[in-house]
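So that you can map any letter, position 328 of the sequence shown is 328 in this note's numbering, and since no number is skipped, the others follow by simple counting.
A quick write-up on the structure given underneath.
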Amino acid sequence: MRLSRYFLPVLKENPSEAQIVSHRLMLRAGMIKQQSAGIYSWLPMGFKVLRKLENIVHEEQMRAGHIPMLMPTLQSADLWRESGRYDDYGEEMLRISDRHGRDMLYGPTNEEMITDIFRSHVGSYKDLPLTLYHIQWKFRDEVRPRFGVMRGREFYMKDGYNFDLTKEDALHAYNRHLVSYLRTYERMGLQAIPMRADSGPIGGDDTHEFLVLADTGESEVFYDSAVTDIRLGERDINYDDKAQCQAIMEEFTALYARTDETHDEAIFNAIPEERRRSARGIEVGQIFYFGTKYSEPMGATVQGPDGKPVPVHMGSHGIGVSRLIGAIIEASHDENGIIWPEGVTPFHVGIVNLKQGDAEADAACEALYDSFTALGLDPLYDDRNERAGGKFATMDLIGLPWRITVGPRGLKNGVVELTCRRTGASEELPPEQAVEKIAQIYAGHMVRGL
1 MRLSRYFLPV
11 LKENPSEAQI
21 VSHRLMLRAG
31 MIKQQSAGIY
41 SWLPMGFKVL
51 RKLENIVHEE
61 QMRAGHIPML
71 MPTLQSADLW
81 RESGRYDDYG
91 EEMLRISDRH
101 GRDMLYGPTN
111 EEMITDIFRS
121 HVGSYKDLPL
131 TLYHIQWKFR
141 DEVRPRFGVM
151 RGREFYMKDG
161 YNFDLTKEDA
171 LHAYNRHLVS
181 YLRTYERMGL
191 QAIPMRADSG
201 PIGGDDTHEF
211 LVLADTGESE
221 VFYDSAVTDI
231 RLGERDINYD
241 DKAQCQAIME
251 EFTALYARTD
261 ETHDEAIFNA
271 IPEERRRSAR
281 GIEVGQIFYF
291 GTKYSEPMGA
301 TVQGPDGKPV
311 PVHMGSHGIG
321 VSRLIGAIIE
331 ASHDENGIIW
341 PEGVTPFHVG
351 IVNLKQGDAE
361 ADAACEALYD
371 SFTALGLDPL
381 YDDRNERAGG
391 KFATMDLIGL
401 PWRITVGPRG
411 LKNGVVELTC
421 RRTGASEELP
431 PEQAVEKIAQ
441 IYAGHMVRGL
């Protein structure tokens, strides 16, 4: 993309309504525009990052054997009355009526709808296990939406639902989701710690939240500092291997890590004092096992091996895709702007032409642009007739991990300048070597999509 042809409405001043870093930088970098309280339009660069995160989530869900689908945003109130949640959910649910007077709601989650789909089409234990998921817009009418996409009313979320014959099978689905989520977050450059949490209106006894440590987090968390040393890395995971998934779940949850709702001071105080930590955390996902909470009242049964109807065991598993963008920025920024991890950056590299209109500099930039494009990489070429300082400020603000600066002086020596956004370190390289280095960096970060 050439910046002269792109829609990137950056702001020079900090918006007065933005209280936290991610909200401020997303507005300044031209990623979002507020339409009303807690509801945003996603402008081209914000939408580009949103799609990258969505594709990573899809890839890791399908790798774990989960099946994508799509459910509508509007749901019938009758389904929620069946489960008993229509009146219990509270004022966060946006209740509406259609022109025929039928009670509807803008879905905050999809346990009822997916249970209805399951009971309509699955009748035998032979069709289990089954995990279905989708990524869809949700709406929860927050009493005080704030912090930009971190606590909006409309948000983009992956929610998945497992259906299993037994509790043992359903707990394997729980472990499978935990492992797939760990891999998902690590691909995004995040360390999200699974913490024992409260189930809230979803229900169930087994639940973990995934939290990213950040000063602006809404949740108070307590943990053993040793938990931050654990990484999934490049392990070869067989998601059908119950023992392997169970072992990884135990590895990541054995050490103390809890939100304030489930914090136990006595257990916490048994941790060596030098490892006790309290901090703030941003919730970016949660997994639940809730057994037959929905299947029994809604009649979601299958014929068991003995021919008798059995209510299926279920769980639900969510990742806040739009919220993740705010969490990544909160965890990765400096005073100049965003610092995108390579796995989620909107563009792989920025190309800055220090002397637009100079024949040699223009040709070198065009050659770099064509080389990256031919390799399947996505460069952003700042070809505007702007001062160099303004171009550098824009690149720092939008946070591309790598920048190549091209100018007549360097070209006389046959080099361009390659700069790492995270460290600020620069080196001079021949253009072809700069391209090769960027290609090697991104070799493990390419998102294939669906």
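Virtual Cβ for every residue (Gly too), placed ideally from N, Cα, C.
Legend entry - For residue 137, the first and last residue of its enclosing alpha helix (DSSP H): Taking the sequence shown and counting its residues from 1, the one referred to as residue 137 is at position 137. Where residue 137 is concerned, there is no enclosing alpha helix (DSSP H), although the beta strand (DSSP E) it sits in stretches over 130–139.
Legend entry - Minimum Cβ-Cβ distance from residue 361 to chain E less than 8 Å: Structure shown: chain E not included; a single protein chain is present.
Legend entry - Run of the beta strand (DSSP E) containing residue 157, from where it starts to where it stops: Start at 1 with the first residue of the sequence shown, and residue 157 comes out as number 157. Annotation for residue 157: the continuous beta strand (DSSP E) segment containing it runs 154–164.
Inset, instruction - Tell me whether the beta-carbon of residue 280 lies closer than 8 Å to the beta-carbon of residue 342. - result: Locating residue 280 in the sequence shown gives position 280, counting from the first residue. Locating residue 342 in the sequence shown gives position 342, counting from the first residue. No. Outside cutoff.
Legend entry - Pairwise C-alpha distance: residue 303 and residue 251: One-based indexing of the sequence shown puts residue 251 at position 251. One-based indexing of the sequence shown puts residue 303 at position 303. Rounded to whole angstroms, residue 251 to residue 303 spans 36 Å at the Cα level.
Legend entry - Cut-off 7 Å between Cβ atoms - residues of its own chain near residue 91, not counting five sequence neighbours on either side: The count along the sequence shown starts at 1 and reaches residue 91 at position 91. Closer than 7 Å at Cβ, skipping near neighbours: 141.
Inset, instruction - Spell out the partners DSSP gives residue 221 in its beta bridges. - result: What you label residue 221 is simply residue 221 of the sequence shown in a count that begins at 1. By DSSP's assignment, residue 221 forms a beta bridge with 259, 279.
Inset, instruction - Leaving aside the five residues before and after residue 267 along the sequence, list all residues of the same chain whose C-beta is less than 7 Å from its C-beta, in chain order. - result: Mapped onto the sequence shown, residue 267 falls at position 267. Correct list, in chain order: 256.
Legend entry - Reduced DSSP category for residue 436 - H, G, I as helix; E, B as strand; rest coil: Within the sequence shown, numbered from 1, the residue matching residue 436 stands at position 436. In the three-state scheme derived from DSSP, where H, G and I count as helix and E and B as strand, residue 436 is classed as helix.
Legend entry - Residue span of the alpha helix (DSSP H) that contains residue 104, given as start and end: Translated into the one-based positions of the sequence shown, residue 104 becomes position 104. Residue range 103–106 is occupied by the beta strand (DSSP E) that includes residue 104, with no alpha helix (DSSP H) assigned at that position.
Inset, instruction - Give the straight-line distance between the Cα atoms of residue 177 and residue 358, rounded to the nearest whole angstrom. - result: For the purposes of this step, residue 177 is identified with residue 177 of the sequence shown, where counting begins at 1. For the purposes of this step, residue 358 is identified with residue 358 of the sequence shown, where counting begins at 1. Distance from the CA of residue 177 to the CA of residue 358, rounded to the nearest whole angstrom, comes to 54 Å.
Inset, instruction - Taking 8 Å as the cut-off, decide whether the C-beta atoms of residue 53 and residue 150 are in contact. - result: Within the sequence shown, numbered from 1, the residue matching residue 53 stands at position 53. Within the sequence shown, numbered from 1, the residue matching residue 150 stands at position 150. Taking C-beta atoms as the reference points, residue 53 and residue 150 fail to come closer than 8 Å.
Legend entry - Best match in 285, 290, 122 for proximity to residue 318 [C-alpha to C-alpha]: By one-based count along the sequence shown, residue 318 stands at place 318. Of the candidates 285, 290, 122, the residue whose Cα lies closest to the Cα of residue 318 is 285.
Legend entry - As assigned by DSSP and simplified to three states, the class of residue 382: Numbered from its first residue, the sequence shown carries residue 382 at position 382. Strand, per DSSP.
Inset, instruction - Measure the CB-CB distance between residue 45 and residue 8 and report whether it falls below 8 Å. - result: Residue mapping note: residue 45 aligns to position 45 of the sequence shown, counting from 1. Residue mapping note: residue 8 aligns to position 8 of the sequence shown, counting from 1. Yes. Within cutoff.
Legend entry - Span separating the alpha-carbon of residue 27 from that of residue 292: The residue you call residue 27 lines up with position 27 of the sequence shown. The residue you call residue 292 lines up with position 292 of the sequence shown. Straight-line spacing of the CA atoms in residue 27 and residue 292 works out to 44 Å.
Inset, instruction - Compute the Euclidean distance between the alpha carbons of residue 275 and residue 263, then round it to the nearest angstrom. - result: Mapped onto the sequence shown, residue 275 falls at position 275. Mapped onto the sequence shown, residue 263 falls at position 263. Counting only the Cα atoms, residue 263 lies some 16 Å from residue 275.
Inset, instruction - With DSSP as the reference, label residue 203 as helix, strand or coil. - result: Residue mapping note: residue 203 aligns to position 203 of the sequence shown, counting from 1. Confidence at residue 203 is low in this model, with a pLDDT of 47, below 50, so the placement of that residue should be treated as unreliable; the coordinate-derived value is given next. Three-state result, residue 203: coil.
Legend entry - As assigned by DSSP and simplified to three states, the class of residue 9: If you number the sequence shown from 1, residue 9 lands on position 9. Three-state DSSP puts residue 9 in coil, outside helix and strand.
Inset, instruction - Reducing DSSP to helix, strand and coil, say where residue 76 ends up. - result: In the sequence shown, residue 76 corresponds to position 76, counting from 1. Residue state, collapsed to three classes: strand.
Inset, instruction - Consult DSSP for residue 353 and reduce its assignment to one of helix, strand or coil. - result: If you number the sequence shown from 1, residue 353 lands on position 353. Here residue 353 sits in strand by DSSP.
Legend entry - Exposed unless 16 or more other CB atoms sit within 10 angstroms - verdict on residue 406: The residue you call residue 406 lines up with position 406 of the sequence shown. Buried, since its Cβ has 16 or more Cβ neighbours within 10 Å.
Legend entry - Nearest to residue 11 (by Cα), restricted to the options 36, 440, 390: Start at 1 with the first residue of the sequence shown, and residue 11 comes out as number 11. Nearest of 36, 440, 390 to residue 11, Cα basis: 390.
Legend entry - Residue from 216, 395, 418, 155 whose Cα sits closest to the Cα of residue 41: Residue numbering aside, residue 41 sits at position 41 when the sequence shown is read from its first letter. Of the listed residues, the one whose Cα sits closest to residue 41 is 155.
Legend entry - Buried versus exposed, by CB contacts within 10 Å (16 or more), residue 340: Walking along the sequence shown from the start, residue 340 turns up at place 340. Around the beta carbon of residue 340, a 10 Å sphere encloses 16 or more other beta carbons of the protein chains shown; the residue is thus reported as buried.
Inset, instruction - Using beta-carbon positions only, say whether residue 253 and residue 60 come within less than 8 Å of one another. - result: Taking the first residue of the sequence shown as position 1, residue 253 is located at position 253. Taking the first residue of the sequence shown as position 1, residue 60 is located at position 60. The answer is no: Cβ separation not under 8 Å.
Inset, instruction - Alpha carbon to alpha carbon, how far is residue 283 from residue 210? Give it in angstroms, no decimals. - result: The sequence position of residue 210 within the sequence shown is 210, counting from 1. The sequence position of residue 283 within the sequence shown is 283, counting from 1. Cα to Cα, residue 210 sits roughly 6 Å from residue 283.
Legend entry - Residue range of the unbroken beta strand (DSSP E) whose run includes residue 113: Translated into positions along the sequence shown, residue 113 becomes position 113. No beta strand (DSSP E) contains residue 113, which is instead part of the alpha helix (DSSP H) from 111–121.
Inset, instruction - Could you name the residues of the same chain whose beta carbon sits closer than 6 Å to that of residue 24, not counting the 5 residues immediately before and after it, in chain order? - result: Residue numbering aside, residue 24 sits at position 24 when the sequence shown is read from its first letter. Shown here for residue 24: same chain residues with a beta carbon closer than 6 Å to its own, the five before and five after excluded, namely 14, 18 in chain order.
Inset, instruction - Within 10 angstroms of the Cβ of residue 440, are there 16 or more other Cβ atoms? Answer buried if so, exposed if not. - result: Locating residue 440 in the sequence shown gives position 440, counting from the first residue. The residue is exposed, with fewer than 16 neighbouring Cβ atoms inside 10 Å.
Legend entry - Other residues of its chain near residue 64: CB distance less than 7 Å, five sequence neighbours each side excluded: Mapped onto the sequence shown, residue 64 falls at position 64. Excluding sequence positions up to five before and after residue 64, its CB lies within less than 7 Å of the CB of 176, 180, 239, all in the same chain and listed in chain order.
Legend entry - Same chain, Cβ closer than 8 Å to residue 443, neighbours up to 5 away in sequence not counted: If you number the sequence shown from 1, residue 443 lands on position 443. Contacts found: none.
Inset, instruction - Mind the definition here: the region 87–101 touches the region 114–125 only if three or more C-beta pairs lie below 8 Å; say whether that holds. - result: By the Cβ criterion, the region 87–101 is not in contact with the region 114–125, since fewer than three pairs of Cβ atoms, one from each stretch, lie closer than 8 Å.
Inset, instruction - Compute the distance between the beta-carbons of residue 131 and residue 161, then report whether it is under 8 Å. - result: The residue you call residue 131 lines up with position 131 of the sequence shown. The residue you call residue 161 lines up with position 161 of the sequence shown. Their beta carbons are under 8 Å apart, which means residue 131 touches residue 161 by this criterion.
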